[in-house]
Amino acid sequence: MSDHGQGRPPDEVRRRMYELMSLILACDERIRRGLSGGEFACTYWPATGQEAIAAALGTVLRTDDQLVTTYRGLHDQVAKGVPIGPLVAEILTRRSGVNAGKGGAMHISYPPAGLVLSTGIVGSGIPIAVGVGLAIQMRGGDQVAVASFGDGATGTGSFHEAVNLAALWRIPIVFLCQNNGYAEMTPTAEAQPVADVADRASAYGIPGVRVDGNDPDVVHASLADAVGRARSGSGPTLLECTTFRLWGHYFGDPMRYIPGSELDEARQAEPVARYRARLLDDGVLDEQSALDLDERARQEVESAFVAALAEEPPGAADAFVDVYGGSEGSA
Amino acid sequence: MTATGSNVPMTTRSMRDALNLALDEALAADPSVFLIGEDLADPAGGISQVTKGLSTTHGTDRVRDTPISEAAIVGAAVGAAAAGLRPVAEVMIMDFISIALDQLVNHAAKARYMSGGRLRIPLTMRTAVFGGIGSGATHSQTLEAWLAHIPGLKVVVPSTPADAKGLLTSCIFDDDPCVFVENVRLYGTTGPVPDGEFRTPLGVADLKRHGGDVTIVTYGRTVPDALAAAEELSGEGIEVEVVDLRSLVPLDTDSVLASVARTRRVVVAHHATRFAGFGAEVAGLINEELFGELEAPVGRIGALFAPIGSAASLEAAVMPSAATIAEAVRTVMT
Numbered sequence: 005m006s007d008h009g010q011g012r013p014p015d016e017v018r019r020r021m022y023e024l025m026s027l028i029l030a031c032d033e034r035i036r037r038g039l040s041g042g043e044f045a046c047t048y049w050p051a052t053g054q055e056a057i058a059a060a061l062g063t064v065l066r067t068d069d070q071l072v073t074t075y076r077g078l079h080d081q082v083a084k085g086v087p088i089g090p091l092v093a094e095i096l097t098r099r100s101g102v103n104a105g106k107g108g109a110m111h112i113s114y115p116p117a118g119l120v121l122s123t124g125i126v127g128s129g130i131p132i133a134v135g136v137g138l139a140i141q142m143r144g145g146d147q148v149a150v151a152s153f154g155d156g157a158t159g160t161g162s163f164h165e166a167v168n169l170a171a172l173w174r175i176p177i178v179f180l181c182q183n184n185g186y187a188e189m190t191p192t193a194e195a196q197p198v199a200d201v202a203d204r205a206s207a208y209g210i211p212g213v214r215v216d217g218n219d220p221d222v223v224h225a226s227l228a229d230a231v232g233r234a235r236s237g238s239g240p241t242l243l244e245c246t247t248f249r250l251w252g253h254y255f256g257d258p259m260r261y262i263p264g265s266e267l268d269e270a271r272q273a274e275p276v277a278r279y280r281a282r283l284l285d286d287g288v289l290d291e292q293s294a295l296d297l298d299e300r301a302r303q304e305v306e307s308a309f310v311a312a313l314a315e316e317p318p319g320a321a322d323a324f325v326d327v328y329g330g331s332e333g334s335a
Numbered sequence: 003m004t005a006t007g008s009n010v011p012m013t014t015r016s017m018r019d020a021l022n023l024a025l026d027e028a029l030a031a032d033p034s035v036f037l038i039g040e041d042l043a044d045p046a047g048g049i050s051q052v053t054k055g056l057s058t059t060h061g062t063d064r065v066r067d068t069p070i071s072e073a074a075i076v077g078a079a080v081g082a083a084a085a086g087l088r089p090v091a092e093v094m095i096m097d098f099i100s101i102a103l104d105q106l107v108n109h110a111a112k113a114r115y116m117s118g119g120r121l122r123i124p125l126t127m128r129t130a131v132f133g134g135i136g137s138g139a140t141h142s143q144t145l146e147a148w149l150a151h152i153p154g155l156k157v158v159v160p161s162t163p164a165d166a167k168g169l170l171t172s173c174i175f176d177d178d179p180c181v182f183v184e185n186v187r188l189y190g191t192t193g194p195v196p197d198g199e200f201r202t203p204l205g206v207a208d209l210k211r212h213g214g215d216v217t218i219v220t221y222g223r224t225v226p227d228a229l230a231a232a233e234e235l236s237g238e239g240i241e242v243e244v245v246d247l248r249s250l251v252p253l254d255t256d257s258v259l260a261s262v263a264r265t266r267r268v269v270v271a272h273h274a275t276r277f278a279g280f281g282a283e284v285a286g287l288i289n290e291e292l293f294g295e296l297e298a299p300v301g302r303i304g305a306l307f308a309p310i311g312s313a314a315s316l317e318a319a320v321m322p323s324a325a326t327i328a329e330a331v332r333t334v335m336t
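In order, the protein sequences belong to chains D and V. Offset between the first sequence (1-based) and the working numbering: plus 4. Offset between the second sequence (1-based) and the working numbering: plus 2.
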C-alpha cells in the first residue's frame with residue numbers, strides 16, 4: 005500500500021469514493037448470488053474489479069456532465085447517480101425499472117443523472133458521446149461528455165472515427181478506456197500493435213494518459229485533469245485506466261482463457277479491499293465506520309432487490325409503447 | 003397540408019432547390035437544427051449542390067463538414083439528438099449507409115424504446131440513390147427496404163419537388179429518427195412548389211393520377227416512370243391510378259386499399275430489387291385485405307436480382323422502366 009501523499013483528493017472525497025465502491029461491489033455480488041442460486045434470471049456482465057474507475061467518475065463529474073457507458077456499466081451507472089432501486093429493477097427487467105424493463109442490464113439510460121445511455125454494441129457509444137459533446141459545444145455549455153468503454157472498443161472503426169472527429173472539433177469530451185485486459189475472450193495485447201491503448205492518442209494529436217485504474221486516488225487526479233481540459237475548451241483526452249474484469253465477460257464465463265496465475269494476481273490487486281485498507285491506514289476511515297458503511301451498502305442493495313423482485317415484468321401491451329413518439333408511428 | 007390547392011401561390015422549382023429551401027428555412031426557423039456530413043459546406047455545397055449556399059448563410063458551425071466517417075456522422079447525430087438538437091445528417095450515397103447501419107438500426111431506432119421513453123432521437127438522415135448514372139454496383143443501390151424493416155425508424159421517399167420540401171420539413175421537426183431517401187435522377191426535375199414554409203404529413207400517400215381501371219402503387223424515382231406508363235396506357239384505353247406512397251413507414255394502408263378496392267387490379271413498382279423489396283410487403287397487404295376482390299394476381303415490378311453493373315446496357319437489363327411497368331399493367335389487365 006503505497007502512500008499517495010501529493011495530489012490526494014480531500015478526505016470527504018475519498019470516503020465518498022470508498023462508499024461508491026462498496027455499494028457497487030455489494031450490488032454486483034448480489035446479482036451474481038441471485039443468478040448462481042437460481043433466485044432470478046437475467047443477462048449480466050459483471051463489473052467487479054473495475055470499481056475504482058467508477059468511484060472517480062462519481063466524484064469528479066457534475067450531475068449535468070454527460071456519460072455514455074456500456075453493457076458492463078453497473079459501476080458507472082451507480083457512480084453517476086442512477087438510483088439503485090429502479091436500476092436493480094431494470095436489471096431484473098421489471099416494469100418499474102429505470103427504463104420500464106425494456107433496456108435490461110445492457111441498455112441503462114437515466115438522463116436526470118447525466119447517464120445518457122449504455123450501449124451493447126462494442127464501440128458504438130463513442131461517436132454518440134461525441135455527438136453529446138458536440139451539442140454541449142454548440143450550445144456554449146460548460147458540461148463535459150465522457151465516453152466510457154473497454155479496451156475491445158479501441159479496435160472498432162467507431163472509436164477511431166469518433167476520436168478523430170472530437171479531436172478535430174475540440175469537443176469537450178474525455179475518452180475513458182477501462183482496459184480490463186480482455187476483449188471478450190482475447191487478451192488486449194493480441195488485439196493491438198501498440199503497447200498501450202493510450203498510445204492511440206498520438207495519431208489524433210490529443211493527450212494519451214495511462215494510469216493504474218485500480219487506484220481511485222490516481223484515477224481521480226487524472227480524470228480531474230482530463231475533465232478540466234475538456235471544460236476549459238482544450239479538447240479531448242484519452243485516459244486509459246488499467247484494471248481487471250474479475251468475473252469474466254458474462255456471468256457464468258468459465259474464464260478458461262485466463263491463466264490461473266493471472267487471475268490470482270488480479271484478485272490480489274482487487275481495488276475495493278485495497279482502498280479500504282489504505283483509507284484505514286491513512287486514518288480517513290476507522291474500522292467501525294468502514295464496517296457501518298459496508299453494512300449500509302448491503303442493506304440498500306438488499307432493499308432494492310426485495311422491492312424489485314416483488315414488481316411485475318412489463319405486460320405484452322408495453323411491447324408497443326415508445327416504438328415511436330407520436331400516434332402516427334406504427335408501420 | 004400538401005398545398006396542392008389552386009389558391010396557394012406557387013413557384014416552379016427543381017427538387018434540388020426545393021430541398022435546399024427546406025433546409026434553409028429549417029435552419030432559419032430553429033437554432034437546434036444543424037447539418038452534418040461530407041462536403042456540405044461551400045464552395046462544394048454538397049456533391050449534388052443540395053446544400054449550396056447554406057454554410058454561407060448559416061455558418062460552418064451549423065452546416066458542418068466532416069471527415070469521411072459515416073459511422074461517426076450518424077453516431078454524432080444520434081448523440082446530438084439525444085441531447086436535444088435536431089441534426090440533419092447526410093450520408094452522401096445510399097450504398098454508404100452500410101457503414102452507418104449500426105448507429106441507425108441499433109441506436110437511433112431503438113433509443114426511445116430501450117430507454118422506456120426517456121430519450122427521443124429527432125434525427126433526420128438524408129441520403130441519395132445514385133442508380134442509373136453508370137456509377138456501378140456499390141454506388142447504385144436502392145436500399146430503403148433494409149430500413150423499413152426496423153421498428154423505430156421512419157422511411158420517407160419523395161417523388162416531386164413539392165413533396166420533397168414538405169416531407170423533409172416534416173422529418174426535421176419530427177421527434178423520431180427519419181430516413182429521407184433522395185434520388186440523383188430526380189434532383190433536376192421541376193414542379194410547382196407552394197411558397198412559404200409548409201409541412202407534408204408523414205404517412206399520407208398522394209394520388210398522383212386518377213384512373214378507374216388499374217392502380218400502380220409506387221414511390222420515389224419510380225413515380226415519373228409510372229406516370230409515363232399511365233400516359234402510354236391511356237392511349238390504349240387503360241386508365242391508371244398512380245398512388246405515390248411518399249412514406250413507407252408510416253405506411254398509408256388506407257389509401258392503397260381504397261384505390262385497389264376501386265380498380266381491383268394493381269401493380270406495385272419500385273426501383274429497389276424486387277426480391278424481398280418493399281413491394282412484397284404492399285403486395286402481401288393487398289392480398290390479405292382484398293384477396294376476394296382482385297380480378298388478377300398483384301403485379302410486381304422491381305430491379306432484377308443482380309448487382310447494378312456500370313455499363314448502361316447492364317443498368318437497363320436490371321432496372322425497371324416505364325416500358326416494363328406498362329407491360330406489367332397490361333398483364334394484370336388480361
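Where is the CB? At the ideal position from N, CA and C, for every residue including glycine. Just so it is clear, the structure is predicted and the values come from calculations on it, not from any experiment.
In chain V, what lies closer than 7 Å to residue i by C-beta?
i	result
Ile-125/D	Asp-104, Asn-108
Gly-161/D	Ala-73
Glu-188/D	Here the premise fails: no neighbours, minimum Cβ distance about 17 Å.
Val-120/D	Ala-84
Leu-91/D	The contacting residues do not exist; Leu-91/D stays about 13 Å from chain V at best.
Ser-100/D	Going along chain V, no residue has its Cβ under 7 Å from Ser-100/D, so there is no contact; the nearest lies around 10 Å.
Mind listing the chain V neighbours of residue i? Cutoff is C-beta to C-beta under 8 Å, in chain order.
i	result
Ala-104/D	Gly-118, Gly-119
Leu-169/D	Thr-68, Pro-69, Ser-71, Ala-74, Ala-78
Helix, strand or coil: which one does DSSP assign to residue i?
i	result
Arg-76/D	coil
Ile-1/V	It is not possible to answer for residue 1/V, since the shown part of chain V is limited to 3 through 336.
Gln-81/D	helix
Phe-324/D	helix
Ser-249/V	strand
Cys-46/D	coil
Leu-103/V	helix
Met-335/V	helix
Ser-331/D	With a pLDDT of only 44 at Ser-331/D, under the threshold of 50, the placement of this residue in the model should not be trusted; the figure read from the coordinates follows. Ser-331/D: coil per DSSP, three-state reduction.
Leu-138/D	helix
Pro-275/D	helix
Gly-9/D	Note that Gly-9/D has pLDDT 49, beneath the 50 cutoff, so the model's placement of it is unreliable and the number below is only indicative. In this structure, Gly-9/D counts as coil in the three-state DSSP scheme.
Arg-187/V	coil
Tyr-22/D	helix
Gly-209/D	coil
Thr-4/V	Residue placement at Thr-4/V is flagged as unreliable, the pLDDT there being 49, under the threshold of 50; the coordinate-derived value follows with that caveat. The answer is coil: DSSP assigns Thr-4/V none of H, G, I, E or B.
Val-225/V	helix
Please list, in chain order, the chain D residues whose beta carbon lies closer than 7 Å to that of residue i.
i	result
Val-80/V	Ile-132, Gly-135
Tyr-115/V	Lys-106, Asp-326, Val-327
I'd like to check one pair, residue j with residue i: are the Cβ atoms closer than 7 Å?
i	j	result
Ala-28/V	Val-35/V	yes
Thr-67/D	Gly-118/D	yes
Pro-196/V	Met-12/V	yes
Leu-235/V	Ala-328/V	yes
Ala-301/D	Ala-56/D	no
Thr-336/V	Ala-271/V	no
Gly-214/V	Glu-241/V	yes
Glu-315/D	Arg-98/D	yes
Could you tell me which residues DSSP puts in a beta bridge with residue i?
i	result
Cys-245/D	Gln-182/D, Val-215/D
Lys-156/V	Cys-180/V
Gly-193/V	Arg-15/V
Phe-163/D	Per DSSP, none; premise fails for Phe-163/D.
Please list, in chain order, the chain D residues whose beta carbon lies closer than 8 Å to that of residue i.
i	result
Phe-36/V	Met-142
Gly-154/V	Val-327, Tyr-328
For residue i, go through chain V and note every residue whose CB falls closer than 9 Å to its CB, in chain order.
i	result
Ser-113/D	Ala-84, Ala-113, Met-116, Ser-117, Gly-118, Arg-120, Leu-121
Val-223/D	Near Val-223/D there are no residues of chain V at all, since even the closest Cβ is about 24 Å away, more than 9 Å.
#### Entry: Positions along the stretch 161 to 176 of chain V whose CB lies within less than 7 Å of some CB in chain D
Of all residues in the stretch 161 to 176 of chain V, none has a Cβ within less than 7 Å of some Cβ in chain D.
### Query
Quick one, which residues of the stretch 61 to 87 of chain V are near chain D if we go by CB-CB under 7 Å, in chain order?
For the stretch 61 to 87 of chain V, residues whose beta-carbon sits nearer than 7 Å to a beta-carbon of chain D comprise Asp-63, Thr-68, Pro-69, Ser-71, Ala-73, Ala-74, Gly-77, Ala-78, Ala-79, Val-80, Gly-81, Ala-82, Ala-84, Ala-85, Gly-86, Leu-87.
### Query
If contact means a Cβ-Cβ distance below 7 Å, which residues of the stretch 254 to 277 of chain V contact chain D?
Legend: CB atoms of the stretch 254 to 277 of chain V lying less than 7 Å from CB atoms of chain D are not found in any residue.
#### Entry: Residues of the stretch 300 to 323 of chain D whose Cβ lies closer than 8 Å to any Cβ of chain V, in chain order
Within the stretch 300 to 323 of chain D, not one residue has a Cβ closer than 8 Å to any Cβ of chain V.
### Query
Which of the residues in the stretch 38 to 56 of chain V, read from start to end, lie with their CB under 9 Å from any CB of chain D?
Result list: Ile-38.
### Message
Please identify, using Cβ separations under 7 Å, the residues of the stretch 201 to 215 of chain D that lie next to chain V, in order along the chain.
### Response
Per Cβ criterion, the list is empty.
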